Structure formats: structure tokens, C-alpha cells
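Using the working numbering, the first residue of the sequence shown is number 20, and each one after it goes up by one.
Notes follow the structure.
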Amino acid sequence: DIEGEVIGLNIVKYVAKQKDANRMKFSTLTKDELIKSYENKEKHLDWGQANAGETRHKLDWYYGINLSQALTNSIKKAGTFKILSTGRVQGPALKLLADKELEIRNFKPEPYWELELKGKLNSNNIIASHEKGKFKDEKEVLEILNKTKGKDAKLSKIESKEMKVQPPVPFDLTSLQIEAYGKIKISPKKTLSIAQELYTSGWISYPRTSSQELPDSIGFNKILQMLNKQPAFKGETEYLLNKKSLKPNNGKKKDAAHPAIYPTGIIPEGITGKERKLYDLIVRRFLATFGEPATRETVTYTIDCNSEKFILKGTLTKEKGWMTLYGEFAKQKEEELPKAKVGDDIKDPKITKLNKETTPPKRYTEASIIKELEKRGLGTKATRASIIDTLFQRNYIEGKKLEVTDLGLKISDILVKNVPKITDEAMTRSFEDDMEAIRENKKKPEEVLKKAEKVITEIVSDFKDNENIGVNLKDTFFETKDKLETMGKCPNCKEGTLKIRKGKFGRFIACDNYPDCKTTYSVPNIGLIKPCEDLCDACGGVMITIIKPKGAQKVCLNKECPSKKIDAALKKDEGKKCPKCGKGTLVERTGVYGSFIGCSEYPKCKYLESSNTPKKEESDEDIPTKE
20 DIEGEVIGLN
30 IVKYVAKQKD
40 ANRMKFSTLT
50 KDELIKSYEN
60 KEKHLDWGQA
70 NAGETRHKLD
80 WYYGINLSQA
90 LTNSIKKAGT
100 FKILSTGRVQ
110 GPALKLLADK
120 ELEIRNFKPE
130 PYWELELKGK
140 LNSNNIIASH
150 EKGKFKDEKE
160 VLEILNKTKG
170 KDAKLSKIES
180 KEMKVQPPVP
190 FDLTSLQIEA
200 YGKIKISPKK
210 TLSIAQELYT
220 SGWISYPRTS
230 SQELPDSIGF
240 NKILQMLNKQ
250 PAFKGETEYL
260 LNKKSLKPNN
270 GKKKDAAHPA
280 IYPTGIIPEG
290 ITGKERKLYD
300 LIVRRFLATF
310 GEPATRETVT
320 YTIDCNSEKF
330 ILKGTLTKEK
340 GWMTLYGEFA
350 KQKEEELPKA
360 KVGDDIKDPK
370 ITKLNKETTP
380 PKRYTEASII
390 KELEKRGLGT
400 KATRASIIDT
410 LFQRNYIEGK
420 KLEVTDLGLK
430 ISDILVKNVP
440 KITDEAMTRS
450 FEDDMEAIRE
460 NKKKPEEVLK
470 KAEKVITEIV
480 SDFKDNENIG
490 VNLKDTFFET
500 KDKLETMGKC
510 PNCKEGTLKI
520 RKGKFGRFIA
530 CDNYPDCKTT
540 YSVPNIGLIK
550 PCEDLCDACG
560 GVMITIIKPK
570 GAQKVCLNKE
580 CPSKKIDAAL
590 KKDEGKKCPK
600 CGKGTLVERT
610 GVYGSFIGCS
620 EYPKCKYLES
630 SNTPKKEESD
640 EDIPTKE
């Protein structure tokens with residue numbers, strides 16, 4: 020792909036000191052494909068891709084360096100220093116999230132009403148809803164209640180409708196990230212990281228692809244025969260191998276560089292935890308694309324109560340088809356209605372008015388914002404997750420359901436009002452169109468870079484001319500800084516306030532009544548820290564909430580808290596050989612989250628055991644900070 024072409028170009032140009040080279044094209048690191056690729060190598064680099072990729076790198080660098088520096092210099096001129104960042108995609112992405120946040124905060128709920136009928140149908144409890152659904156006029160609801168009061172209810176109509184559910188399409192990177200987030204709770208950034216490891220190990224194809232197509236040339240039968248050697252997939256692969264023909268349900272998205280993501284069939288040795296789960300998801304998705312359509316049947320009961328209609332629905336899977344191949348990842352909601360016939364009475368019918376309010380729109384998750392960025396043509400398949408991660412690091416957003424912080428909202432507002440080009444989606448998309456034109460040799464890189472230089476110069480000039488930007492940024496920074504750093508009253512002196520401070524070895528929490536009070540607490544250097552109203556159940560100590568992309572966790576600051584001690588059973592494991600890597604020994608380590616047993620080979624091996632969690636391998640987000 021384009022990024023790979025740039026890497027190759029840089030190696031040829033700066034390491035090999037050559038102007039051109041033969042080019043191999045492959046999507047897996049299996050021996051057979053590498054040999055085949057070498058035997059069919061192209062005589063030259065793909066200069067369209069190379070020039071497009073190099074231009075994108077320069078564009079992003081020009082934007083990132085100049086705009087982030089202009090942002091930082093503005094606040095510096097106002098008399099303080101804080102590293103702030105924005106960029107060609109980061110700016111529009113933040114605005115997108117900020118607009119959603121403002122929509123949620125400004126949302127005014129409106130009342131509406133629903134009517135539900137409760138009763139018994141052939142000895143089964145049922146709850147049916149009025150056919151109209153939502154009522155905006157309470158008067159109409161009261162009229163229906165009066166009309167149906169004391170009246171009988173009967174089953175007046177039964178309808179059945181079957182629906183074919185087609186097999187899923189093969190994974191491209193974005194759909195893999197979305198599915199992994201929804202099914203196995205792995206963040207998009209982590210999904211890409213694990214997928215890259217699976218690829219370099221030779222177990223799956225190249226993950227940074229936009230394609231949802233599996234070509235015949237990858238050898239479906241051969242892959243299935245190899246997967247058949249893995250007990251976890253034996254039944255499914257044998258079923259597919261016995262089919263007369265194998266045709267995947269390819270999607271609409273294409274990628275000239277790589278096919279959709281698929282397993283190579285090589286048996287993965289020694290993978291566990293999230294790596295195993297993601298590998299299983301990729302294999303199951305590959306198998307499911309060859310399956311038959313599933314059949315779902317929806318049965319609708321219409322209940323009549325003095326001419327008012329109430330609806331009861333249930334949906335069941337009649338033929339599983341591809342769902343059997345997708346295994347645990349194909350779980351569907353199954354709702355079976357009680358057996359009945361037209362004319363059956365509803366015993367003890369009771370119709371109730373439900374008072375409800377409209378709810379604000381849902382916040383984006385990491386998965387849904389990546390999907391939205393792709394839909395809007397912002398960023399690339401390989402960079403969207405890291406852009407969201409940068410917004411987390413800058414404290415512009417927080418939480419699993421992405422909430423824009425006050426700092427993020429004010430940064431976005433200042434940019435929109437003073438330098439709107441930074442947050443302009445159309446401008447960002449136009450540069451993506453330029454990249455495609457370069458790839459197709461329809462535009463020259465110099466032409467696109469000159470256009471970018473003009474835009475960047477105008478933006479930087481806006482920063483220089485508008486001194487209010489720096490003042491507003493400074494006020495925003497100090498206002499949010501003080502709010503973010505305050506953790507509550509000191510439990511020891513009762514007079515000071517606990518504040519987050521930075522020292523030689525990173526962050527810590529200290530009482531601002533120093534030197535009269537010398538209370539300090541260690542905290543991890545990763546994650547947003549917020550005060551917590553609750554006190555620790557185990558020791559009554561001060562609690563804080565640590566927010567990371569994967570979610571929030573409440574932590575007691577007291578190092579001596581009983582909840583942080585490892586139990587005797589774990590203590591016995593100390594000194595034993597690490598069960599994961601087999602090289603290190605298990606040693607006791609201590610962090611703000613408590614004591615735990617970990618591998619001495621950390622960070623190469625991230626195995627851990629603690630009293631509060633089962634034995635597992637640490638993710639980069641789980642690693643406690645040493646005190």
C-alpha cells in the first residue's frame with residue numbers, strides 16, 4: 020500500500036543509496052507467498068504510490084509542526100507555557116466530537132407517553148405496546164385509557180415474516196476494529212497493534228487494508244485444509260471443504276494494494292488472551308463469509324382492546340447458516356412468543372400509561388468515531404486510532420463513551436472562531452483527493468505542497484494577528500488545569516487541598532498546605548486522574564478515579580490499604596518460573612493499584628497475578644506504575 024511504498028522508497032533511497040528497485044507485492048509473510056512474490060517481482064517501485072505517500076508525510080508534518088507550534092506559541096505569548104497540538108485531521112476530529120458534546124449538553128428533554136398492556140396469554144405473562152408507539156399529547160393517552168377501561172382484550176391477528184440474513188463481508192481494518200471493540204472489548208488502537216503482531220508472525224494477512232474482498236488467488240481450499248488441523252475449527256472447516264464451491268460474500272470496498280484480512284492457516288503457537296481472541300475472531304469471520312444465509316422469523320401478535328391495537332413481537336433464528344461458522348461472535352437476541360391462535364383471550368388485561376422523556380444523542384465510542392471519520396473521509400485506515408489516542412493524551416477527551424473535556428471544548432471553540440481552516444473537513448478531504456490524484460499520476464507533489472504551504476501560511480498568520488487566541492488559551496488552560504489538579508480535602512491536616520503535582524519521577528498527589536502538612540501519594544503516570552466522592556471501603560482512605568481509553572477505575576491512595584496486599588496463595592508463587600515466557604521468575608511488585616506478582620522479564624513479558632484479578636498477561640494499559 021501507500022505507506023509500505025514510502026518505507027520501501029526510504030530504504031532504497033537512504034540505506035541502499037539507489038534511485039529505484041525491483042518491487043515484490045505480497046499480503047502475507049508465508050514462505051510460499053514470499054517465493055511467489057519474488058519470482059513475479061516488478062521491475063520498478065510504484066512511483067505513483069511512493070510520491071503520494073511521501074507527500075502525505077510532508078503534509079502531515081508541515082501541518083502538525085506549524086499548527087501545533089503556532090498554538091503553543093500563542094499561549095506562550097500570553098505568559099505561560101503548555102504544549103498543545105492540532106493537525107490536518109486532529110482539528111476536524113476534535114470539532115466533530117465537540118459538536119456532539121455540545122449537542123448532548125444543550126439537549127432539552129421533551130415529555131412523551133407510551134401505553135403498555137400487561138396480561139396473560141395461555142398462562143404466559145405478556146407485555147404489549149400500543150401500535151402508535153410514542154404519544155406527544157397526554158390527552159390522547161387519557162382518552163384511550165378511559166376507552167379501554169374494564170374492556171376485554173383478544174388476540175385478533177397473527178403475522179409471520181421470514182428474513183434472510185446474508186453472511187458478513189470479509190474484514191477490512193475499520194470493520195475489524197469495530198467488531199473487536201463490540202465483541203471482545205479491545206480498543207481500536209490495541210486491535211491494530213495485535214493484528215500487526217499476528218501478521219508479522221505469519222498467522223494472518225496484512226491488516227492495514229481497506230478491502231472487503233477475498234480473491235480466489237489466495238487459495239481458499241488450501242487455507243481451510245490448514246485451519247482444519249486446528250481442533251477449534253475442525254467441524255466448520257470440514258463442512259466448508261465438502262461444499263461444491265467456495266464463494267465468499269465479498270463487500271463493496273476495494274483496495275488495490277491488499278485483499279481483505281484473512282488467516283493464513285499456519286497454526287499460531289503459544290498465543291493467549293487478547294491475541295487468541297482476536298485471531299479467533301479473524302478466523303471465524305473468514306469462515307462465516309463462505310456460509311449460507313441465515314433465516315430469522317419475526318412473529319407479530321396484534322391484540323385488540325375495544326378497537327385499540329397493541330403489538331407483541333418475537334424473533335427467532337430458524338436456520339443458523341453462516342452463524343454456526345461465526346460461533347460465539349454471532350449471538351442473536353432470541354424472543355419466542357407463547358403459542359396462541361386468533362381469538363384467544365388475554366386474561367387480566369391491564370393498560371398502563373408510561374411517562375417518559377426523550378434522551379440526548381449517544382456519545383461516540385472509539386469504534387464509532389473511527390467509523391464516522393472513515394465515512395467523512397478523514398484520516399487513513401492506519402492513523403485514525405492514533406489520532407483518537409492523541410486526543411486522549413492531550414486531555415481533550417476522556418472515558419469509554421468519548422466525553423469531550425472542558426479543555427477540549429474550549430480549544431475547539433477557539434479554533435472554530437479564530438482559525439476555522441484548522442477544523443474544516445472539506446479542506447482536509449480535498450488534500451486526500453490530491454493524494455489520490457498524485458497516486459494516479461494526475462497531479463504533481465510540488466503542486467499539492469505549494470497549495471498546502473499557502474493554506475498553512477494563512478493559518479499561522481491568523482494566529483500571529485489575533486492576540487486574543489493566546490489570552491483565551493491561557494485562561495482556558497489555567498481554569499481547566501486547576502480543576503483537573505484538585506482532588507479534594509486533605510484527610511490528614513483537614514485544612515489543605517490535595518493537588519496533582521509533577522516531580523522528578525513523574526506525577527504525585529500532595530497537600531497544598533506544605534510544609535505544614537507533608538502528605539503525599541503516588542499515582543500512575545498514565546491516564547486522566549479525577550477526584551472520587553467515595554472513601555475506601557477497606558480503610559476509609561481517599562479514593563481517586565483513573566480514566567484511560569478502556570474505562571475508569573477507582574483506586575485507594577493509601578499504600579497500606581488491606582485491599583492492596585497480595586494473599587498467601589499468591590505469595591507462594593514468588594520465585595517460580597514465569598508460566599508465560601519460561602525465562603523470568605515471578606517477583607512481587609508494587610503499584611498504586613496494589614501489590615502483585617509479575618515476571619522479572621518485564622517489559623518483555625507482561626504476565627501478572629494479583630489478589631483482585633485472575634492470572635493474565637498485562638496489556639500496556641494495565642501496567643501498574645512502580646512506587
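Backbone N, C-alpha and C fix where the C-beta goes; we use that ideal spot for every residue, glycine too.
Just so it is clear, the structure is predicted and the values come from calculations on it, not from any experiment.
Check, Outcome
"Is it true that the CB of L335 sits closer than 8 Å to the CB of I322?", "no"
"On the three-state DSSP scale, how would you describe K204?", "coil"
"Taking the alpha-carbon positions, what's the K158 to F309 distance?", "54 Å"
"Whole-angstrom Cβ separation of V160 and W132, contact assumed at under 8 Å?", "5 Å"
"Output needed for T319: all residues of its chain with C-beta closer than 7 Å, excluding positions within five of it in sequence on either side, in chain order.", "E178, I330, K332"
"Measure how close the beta-carbons of T105 and L86 come, nearest whole angstrom, since I'm counting them as under 8 Å.", "5 Å"
"I'd like to know whether the C-beta atoms of I406 and E385 end up nearer to each other than 8 Å.", "no"
"I'd like the ranges of any beta strand (DSSP E) spanning at least 3 consecutive residues and lying wholly in the segment 148–235.", "173–184"
"Do N143 and P357 come within 8 Å of each other at the CB atom, strictly closer than that value?", "yes"
"Got a sec? Which residues, its chain only, sit under 7 Å from K339 by beta carbon, not counting five neighbours each side?", "A313"
"How big is the Cα-Cα spacing for C536 and N487?", "40 Å"
"State the DSSP-derived secondary structure class of R107, mapped to helix, strand or coil.", "coil"
"So, is Q196 buried or exposed, given that buried needs 16 or more other C-beta atoms within 10 angstroms?", "buried"
"Please report the distance separating the alpha-carbon of N261 from that of G238.", "16 Å"
"Look at the Cβ atom of T442, then the Cβ atom of K114, and state whether they are nearer than 8 Å.", "yes"
"Quick check on K446: does DSSP put it in helix, strand or coil?", "Residue identity check: residue 446 is Met in the sequence provided, not Lys. Looking at M446 - three-state DSSP - the assignment turns out to be helix."
"If I follow the unbroken alpha helix (DSSP H) through A71, where does it start and stop?", "66–96"
"Compute the distance between the beta-carbons of I563 and C551, then report whether it is under 8 Å.", "yes"
"Short of 6 Å in beta carbon distance, which residues of its chain neighbour S431, apart from the five on each side in sequence? Order them along the chain.", "L113, K114, A117"
"Using only CA atoms, which one of G254, K625, N577, A279 lies nearest to A557?", "N577"
"Measuring CA to CA, which of N437, L428, N141, E354 is closest to I123?", "L428"
"Which runs of the alpha helix (DSSP H) at least 4 residues long sit entirely within the segment 429–479? Give them in chain order.", "444–458"
"For the segment 353–431, list the beta strand (DSSP E) runs that are entirely contained and at least 3 residues long, ordered along the chain.", "365–376"
"Under the DSSP definition of a beta bridge, which residues are partnered with M342?", "In DSSP, M342 forms no bridge with anything."
"Check this for me: beta carbons of P189 and Y298, under 8 Å apart or not?", "no"
"Report the rounded CA-to-CA distance for N325 versus N165, giving the unit in angstroms.", "11 Å"
"Grab me the residues of E636's own chain with a C-beta within less than 7 Å of its C-beta, minus the 5 sequence neighbours each way, in chain order.", "Caution is warranted here: a pLDDT of 45 is assigned to E636, below 50, making its placement in the model unreliable, and the coordinate value is therefore given only provisionally. Here the set comprises T291, G292, K599, K625, Y626."
"My understanding is that D481 touches V435, with C-beta atoms under 8 Å, so please give their C-beta distance in whole angstroms.", "Incorrect: roughly 12 Å between the Cβ atoms, too far for contact."
"Using the rule of at least 16 other Cβ atoms within 10 Å of the residue's Cβ for burial, across every protein chain shown, is T219 buried or exposed?", "exposed"
"Alpha carbon to alpha carbon, what distance is there between L246 and E477?", "57 Å"
"By how many angstroms is the C-alpha of R42 removed from the C-alpha of D65?", "8 Å"
"Looking at the unbroken beta strand (DSSP E) that takes in I322, where does it start and where does it end?", "313–324"
"Are the segment 207–215 and the segment 241–258 touching by the rule of at least three beta carbon pairs closer than 8 Å?", "no"
"Excluding the 5 residues flanking V184 on each side, which residues of the same chain have their C-beta closer than 7 Å to its C-beta?", "P312, A313, R315"
"For D639, does the count of other Cβ atoms within 10 angstroms reach 16, so buried, or fall short, so exposed?", "Note that D639 scores a pLDDT of 39, beneath 50, so its modelled location is shaky; the value from the coordinates is reported in the next line. With fewer than 16 Cβ atoms within 10 Å of its Cβ, D639 is classed as exposed."
"How many Å lie between T632 and L392 at the Cα?", "In this predicted model, T632 has a pLDDT of only 46, less than 50, meaning its place in the structure is not dependable; the value taken from the coordinates is given anyway. The straight-line gap from Cα to Cα measures roughly 36 Å."
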